[in-house]
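Visitor:
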Amino acid sequence: LLSTYLAPLCFVLFISISKEAVDEWKRWIRDREVNNYQYEVLVPSFDAENSFARKLIPSRDLMEGDVLFINCNERIPADVLLLRAYPSEGTGDSLFIRTDQLDGETDWKLRRAAQYTQRLPSDS
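Mapping of the sequence shown onto our numbering: residues 113 to 236, in sequence order.
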């Protein structure tokens, strides 16, 4: 009588725990890939006064206030302020992004660059 209840219970628990362990392992692998992804960041250059250089930094080392250069079809690591946009058509100050990994919605959302920074004469 005890084995009739205990054996199926142990089997179901073993299957559930195994599934959770596999899911956790896959999540750990995916998180490691995301944290090691390299982003192009604007950093001060000590070659000349008031000059900057671009440097590749893994996403785990990004901090508040970093200026990122995001290219087409590249993941955005977190909340960002869009300073300047170069749409594929070559004109405009807006672009479309997908937020499906944040909120589950698969619709494209329109985002506009800050007006002041979009109108600056150059990237330098």
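We treat Cβ as the ideally placed atom computed from N, Cα and C, and that holds for glycine. Nothing here was measured: the structure is a model prediction, and the numbers come from that model.
How about E152 and R172: do their beta carbons lie closer than 7 Å?
Guide: no
Visitor: Answer yes or no: do V179 and L154 have a C-beta to C-beta separation smaller than 7 Å?
Guide: yes
Visitor: Could you please give me the residues that DSSP links to S163 through a beta bridge?
Guide: Beta-bridge pairing links S163 to S157.
Visitor: Report yes if the CB atom of A197 is closer than 7 Å to the CB atom of A226, and no otherwise.
Guide: Against a cut-off of 7 Å, the Cβ pair of A226 and A197 comes out as no contact.
Visitor: CA-CA distance, G145 and G216?
Guide: A small fix is needed here, since residue 145 is Glu in this sequence, not Gly. Looking at the two C-alpha atoms, the distance is approximately 21 Å.
Visitor: Measure the C-alpha to C-alpha separation of F208 and P189 and round it to an integer number of angstroms.
Guide: 16 Å
Visitor: Give the range of the alpha helix (DSSP H) segment to which R139 is assigned.
Guide: L114 to N148
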